[in-house]
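Colleague:
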Amino acid sequence: MLAKTWKKIGIFILIVACIFNVMFKLVKKISLNTHLKDTVQYVQEEYQEMKNKTK
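If you count by the numbering used here, then the sequence shown holds residues 110 to 164, one letter each, in order.
1) Would you kindly work out how many angstroms separate the C-alpha atoms of Asn-130 and Ile-124, rounded to a whole number?
2) Does DSSP put Met-132 in a helix, in a strand, or in coil?
3) What would DSSP say about Thr-139, mapped onto helix, strand or coil?
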């Protein structure tokens with residue numbers, strides 16, 4: 110009897126944790142446009158640093 114109760118509690122906690130995880134990822138999702146702009150900026154900065162080192 111006790112094992113069934115703990116199993117139900119564990120499954121409930123697991124489901125709640127999964128729901129929170131999915132919701133957090135949906136809320137904190139970075140837009141593709143922002144991600145691409147950040148990537149382009151990073152590549153440009155790295156290129157400038159590499160160009161400055163070769164001079």
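Using N, Cα and C, we set each Cβ at its ideal position, and we do this for glycine too.
It should be emphasised that the depicted structure is a prediction, and the values quoted were computed from it without experimental measurement.
Modeller: Walking through what the data contain:
1) 10 Å
2) helix
3) This sequence places Ile at residue 139; Thr is not what is there. It is coil, neither helix nor strand.
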